[in-house]
Amino acid sequence: MKDIEERIKELPPRLQQEVEDFVEFLLEKQQKKPRGKPNFGWAGALKDLRGQYTSVELQHKISEWRIGEK
28 MKDIEERIKE LPPRLQQEVE DFVEFLLEKQ QKKPRGKPNF GWAGALKDLR
78 GQYTSVELQH KISEWRIGEK
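This is the structure we're talking about:
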């Protein structure tokens, strides 16, 4: 069985570049820190609006606020 380096050398230059790019991607992916558990510190932040809006209305209102509509 050929080693990986020999097999890569058999590829055309364009595909060799793809292999190199993919290896870089894998190395970067490996170095990224795993995410911790989500922080729900925002939970309950809009509870004062509970009587004013249904959950669906509140979702629409938040979307409006995000894009700057009135």
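Be aware that the sequence shown starts at 28, since it is given in the working numbering, and climbs by one per residue. Every residue gets a Cβ at the ideal spot worked out from N, C-alpha and C, and that includes glycine.
- Rounded to the nearest whole angstrom, the C-alpha separation of E51 and W69 is 36 Å.
- A distance below 7 Å between beta-carbons, with the five flanking residues on each side excluded, links Q43 to the following residues of its chain, in chain order: I35.
- Counting along the chain, W92 sits inside the alpha helix (DSSP H) bounded by residues S82 to I94.
- Straight across, the Cα-Cα distance linking K74 with K64 is about 23 Å.
- Nearest C-alpha to A72 among L54, I89, E37 and E33: I89.
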